[in-house]
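A.B. asks:
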Amino acid sequence: MIEKLNDLETLLPIVRLQVWHLDKRGQSKAVNKQLSEYLSQTTLFTDWTITPASVEGTRDQYVPIEVDLTFRATSNPDQESSNVSLRWLFQSSLSTEIESFFSQRSTKPIQMNVFPLGHETTEDIKEKFTHFHIFFSLQHDSNLAIEDFVGTDRTVLTEGLRVVGCALNTHALLVEKGVGQEVLEGKFSLTQLWSNLKKKMSNTTLSHELTTHYGNDEGKIDEYMPEIKSCLQETLTSLKLFQDLASQVQVCATVIAERDPRLSSSNEEVHLALIQANLATIAFTDYRKNMTTVLQKLERKYSNEMRSSTFLFGFALAVIVVATTVCTGGLSIGAAACGGLLGLDQGVKWNKAHNKDGAVGQLDKTIDNVADALKDVKVALAAIYCSDILKMPLQSMGIRERVKILKDLGIDMKELNPESIYDRELVRMRMERFVDAQERFKDERDTVLRDAKLKVVK
């Protein structure tokens, strides 16, 4: 049939209505006929002829019930044009009629869409005759707050300068105590000297500093572990759920990322991956909230370890300086040796704590990257869903329509760069980034747990 659209004579297309649902039996021409007969009895399609669509063989359970619509033009001058008529019936009460049709069935509608058939259909015709409606929104709260950790502003350098100054100011008292004589006389080893050193200077200012910044800090470090373990335990359920969901999303993402035209994801796989990606986002948000506490505690633990080692390293340096400048009662050789051993030991401990702290910081960044990559993979899946299933690419939608569909698919438009979400190559890049982020996250998480002597959960 020929009709004037925008003052141009246009061959009207046959329009297909699809109502998607989950049915383990797959598609059925009998069900298509049932929908055709049901809609014909309503008052919505007075200008349209409805016929059941043919059925394509598929193993999917996520399938459409399909009917074809053909516009019937009349001589009535008040009759709406075909595209206006279609839009009105689609946007008015068609969704209510579809829900009524499903009320007597064992399945529920997921979404419905209508689009023009024909490979040679122009983009203008596609936009005029393509509409969609989502029955079940995947929207969720994406604004779950995670408190930012505010670290201490006392740097290692500041701490080091402070304790060295304290040590040098008390060198006279150390000399008076005769520390170091025992080593020369063979009474103590260098390791034992350190214990004796703390005992001999029990009344010095430096002794008080050591007790405050070394002995007590060790206690604080130990006190962190029960809370760290408790918070880590809280992450296990959400982590396991996230890993299971993400691995399934990754399968679909890997296929989409492949450039081999022989590999493709079915509509069911894309739709399922989109649902799984949204569930994975919720699980990862919960995991991230608890894991942030774990990482904060570990950072504080390692910061204390580095501060303690820095303090003792500074003290060891001061002992060497004092020992080499004051020659009283064998202090020079013994104290210098003690200081050297202590400095070496604390330097190694500081380096270990520093490396562990660095691993924690890297994992924290990778967790952010995983969250961002998960957003990206959702956008990629949504772009494919709209293009391949709804037959309406995101770039062809109006702003209001685009915002609504992405919101219904669990995506906040504020997180997106609208100019770069539609390119097919960028879709592949997003999928690849998600796969890479997943692998890095697992490796770095295992490293952090091993460093803290915590059980690595597979």
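The opening residue of the sequence shown carries number 564 in our numbering; numbering runs sequentially from there. For every residue, glycine included, the Cβ atom is placed at its ideal position computed from N, Cα and C.
Can you check which of these residues, 1000, 664, 580, is closest to residue 929 by C-alpha distance?
C.D. replies: 1000
A.B. asks: Thinking just about the alpha-carbon of each residue, which of 597, 695, 626 is nearest to the one in residue 651?
C.D. replies: 695
A.B. asks: Starting from residue 579 and walking both ways along the beta strand (DSSP E), at which residues does that stretch end?
C.D. replies: 578 to 585
A.B. asks: Looking at the unbroken beta strand (DSSP E) that takes in residue 629, where does it start and where does it end?
C.D. replies: 625 to 634
A.B. asks: Take the Cβ of residue 1002 as the centre, count every other Cβ of all protein chains shown within 10 Å, and call the residue buried at 16 or more, exposed below.
C.D. replies: exposed
A.B. asks: Between the stretch 856 to 863 and the stretch 803 to 811, are three or more C-beta pairs nearer than 8 Å?
C.D. replies: no
A.B. asks: Exposed or buried, which one is residue 836 when buried takes at least 16 other CB atoms within 10 Å?
C.D. replies: buried
A.B. asks: What is the DSSP secondary structure of residue 997, reduced to helix, strand or coil?
C.D. replies: helix
A.B. asks: Using CA atoms only, rank isn't needed, just tell me which of 961, 1007, 998, 1006 is closest to residue 693.
C.D. replies: 961
A.B. asks: Just tell me which of 831, 939, 942, 1008 has its CA closest to the CA of residue 851.
C.D. replies: 1008
A.B. asks: Using only CA atoms, which one of 604, 670, 643, 656 lies nearest to residue 585?
C.D. replies: By alpha-carbon distance to residue 585, the top candidate from 604, 670, 643, 656 is 670.
A.B. asks: With a threshold of 16 other CB atoms inside 10 Å of the CB of residue 514, please say whether the residue is buried or exposed.
C.D. replies: Beyond the ends of the chain as shown, which are 564 and 1021, falls residue 514; an answer cannot be given.
A.B. asks: Which residue marks the beginning of the alpha helix (DSSP H) containing residue 661, and which one marks its end?
C.D. replies: 657 to 665
A.B. asks: Could you check if residue 1015 is buried or exposed, using at least 16 other CB atoms within 10 Å of its CB as the buried criterion?
C.D. replies: buried
A.B. asks: In its own chain, which residues sit with a C-beta less than 6 Å from the C-beta of residue 947, not counting the 5 before and 5 after it?
C.D. replies: 833
A.B. asks: DSSP beta-bridge partners for residue 675?
C.D. replies: 582, 696
A.B. asks: With respect to the beta strand (DSSP E) encompassing residue 613, which residues constitute its N-terminal and C-terminal limits?
C.D. replies: 611 to 615
A.B. asks: Give me, in chain order, the residues of the same chain whose beta-carbon lies closer than 7 Å to that of residue 635; leave out the 5 immediate sequence neighbours on both sides.
C.D. replies: 610, 611, 612
A.B. asks: Am I right that residue 959 and residue 690 are in contact with their C-beta atoms under 8 Å? What's the rounded C-beta distance?
C.D. replies: 6 Å
A.B. asks: Along the chain, where does the alpha helix (DSSP H) that runs through residue 1016 open and close?
C.D. replies: Unbroken run through residue 1016: none, as it is neither H nor E.
A.B. asks: Among 924, 925, 865, whose alpha-carbon lies nearest the alpha-carbon of residue 916?
C.D. replies: 865
A.B. asks: Apply the 10 Å Cβ neighbour rule to residue 918 and answer buried if 16 or more other Cβ atoms are within range, or exposed otherwise.
C.D. replies: exposed
A.B. asks: Kindly list the residues whose CB is nearer than 8 Å to the CB of residue 608, restricted to its own chain and excluding five residues on each side of it in sequence; keep chain order.
C.D. replies: 602, 632, 652
A.B. asks: With a 10 Å radius around its C-beta and 16 neighbouring C-beta atoms as the bar for buried, classify residue 922 as buried or exposed.
C.D. replies: buried
A.B. asks: Please classify residue 699 as buried or exposed, where buried requires at least 16 neighbouring CB atoms within 10 angstroms.
C.D. replies: A residue is called buried once 16 or more other Cβ atoms fall within 10 Å of its Cβ, and residue 699, having fewer, is exposed.
A.B. asks: Mind checking which residues open and close the alpha helix (DSSP H) that includes residue 683?
C.D. replies: It is not in any alpha helix (DSSP H) - residue 683 carries neither H nor E in the DSSP assignment.
A.B. asks: So is residue 646 buried or exposed if we call it buried at 16+ other beta carbons inside 10 Å?
C.D. replies: buried
A.B. asks: Going by Cα to Cα distance, which pick from 845, 788, 790 is closest to residue 804?
C.D. replies: When the alpha-carbon of residue 804 is set against those of 845, 788, 790, the nearest one is in 845.
A.B. asks: Do residue 630 and residue 676 have their beta-carbon atoms positioned less than 8 Å apart in this structure?
C.D. replies: Annotated as distal: residue 676 and residue 630, with beta-carbon spacing of 8 Å or more.
A.B. asks: Figure out for me which residue from 969, 787, 992 has the closest Cα to the Cα of residue 936.
C.D. replies: 992
A.B. asks: Residue 945: which of 816, 862, 934 sits nearest, CA to CA?
C.D. replies: Minimum Cα-Cα distance from residue 945 among the listed residues 816, 862, 934 corresponds to 816.
A.B. asks: Cα-Cα, which of 838, 966, 1011, 920 is closest to residue 701?
C.D. replies: Considering only alpha carbons, the answer is 838.
A.B. asks: How is the alpha helix (DSSP H) around residue 594 delimited, first residue to last?
C.D. replies: 592 to 603
A.B. asks: So, at 7 Å on beta carbons, what are the nonlocal neighbours of residue 784 in its own chain, with the 5 sequence-adjacent residues on each side left out?
C.D. replies: Bear in mind that the predicted position of residue 784 carries a pLDDT of just 48, short of 50, making it too unreliable to give a figure here.
A.B. asks: Report the rounded CA-to-CA distance for residue 661 versus residue 1004, giving the unit in angstroms.
C.D. replies: Those two C-alpha atoms are separated by around 44 Å.
A.B. asks: Tell me the rounded alpha-carbon separation between residue 847 and residue 577.
C.D. replies: 45 Å
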